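Each residue of the sequence shown is one higher than the last, beginning at 1 in our numbering.
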Amino acid sequence: MFRLGAYHNERITVFASEARTASANSADFENMEGRGLKLVIDVTAVTATPSVVFTIQGKDPVSGKYYTLLVSAAITGIGTTVLTVYPGLTAAANAVASDVLPIDWRVIATAADADSITYSAAAQTIL
């Protein structure tokens with residue numbers, strides 16, 4: 001049975017805009033309706049030569065262990081990067097994964113060094 005308005009895409013702040021000099025893990029998020037996800041990473045400032053890699057992970061509900069869905073290429077400069085996880089898409093290295101978004105998921109940002117990089121990351125679940 002289809003109920004108009006019963007389903008919706010979610011907008012999620014994964015990381016608020018902030019200068020960072022170390023790796024960071026997001027909170028765990030709960031996906032109740034989405035089949036996939038768009039993660040938009042917006043870098044607005046860099047100092048020296050920072051490098052950060054973003055990883056979208058699912059979480060095993062039994063063991064609590066995380067597993068990788070998609071890993072970005074190293075981000076080293078100002079700009080916007082979009083990562084997509086969605087079933088049936090053609091996979092593209094470091095950008096698109098043909099997979100479903102599990103109920104429990106998170107994002108980790110792994111810094112290669114202590115140089116400052118200012119970024120935000122926002123997600124939208126996709127029905």
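From the three backbone atoms N, C-alpha and C, an ideal C-beta is built for every residue, glycine too.
These numbers come from a predicted model, not from an experiment.
In this structure, the straight-line span from the alpha carbon of G36 to that of F15 is close to 19 Å.
Residue burial is scored here from C-beta neighbours: I117 has at least 16 other C-beta atoms within 10 angstroms and is therefore classed as buried. Rounded to the nearest angstrom, the Cβ distance from W105 to K59 is 7 Å, consistent with a contact under 8 Å. Using a 10 angstroms sphere on the CB of P87, the tally of other CB atoms stays under 16, which defines it as exposed. Between D99 and V85 a beta carbon distance of about 5 Å is seen, short of the 8 Å cut, so the two are scored as contacting. V71: member of the beta strand (DSSP E) spanning Y66 to V71, first to last residue.
In this structure, A114 sits away from A24, with a CB-CB distance that is not shorter than 7 Å. The C-alpha of S63 is placed about 31 Å away from the C-alpha of Y119. If you compare the alpha carbons of T125, A111, I126 and Q124 with that of F54, the shortest gap goes to A111. By alpha-carbon distance to N31, the top candidate from I75, P102, N94 and A97 is P102.
Comparing alpha carbon positions, the residue from S17, N9, V96 and A122 closest to T68 is V96.
Closest in C-alpha terms to T76, from the list T90, V52 and G34, comes V52.
Classified as exposed, P61 has fewer than 16 neighbouring CB atoms from the shown chains inside 10 Å of its CB.
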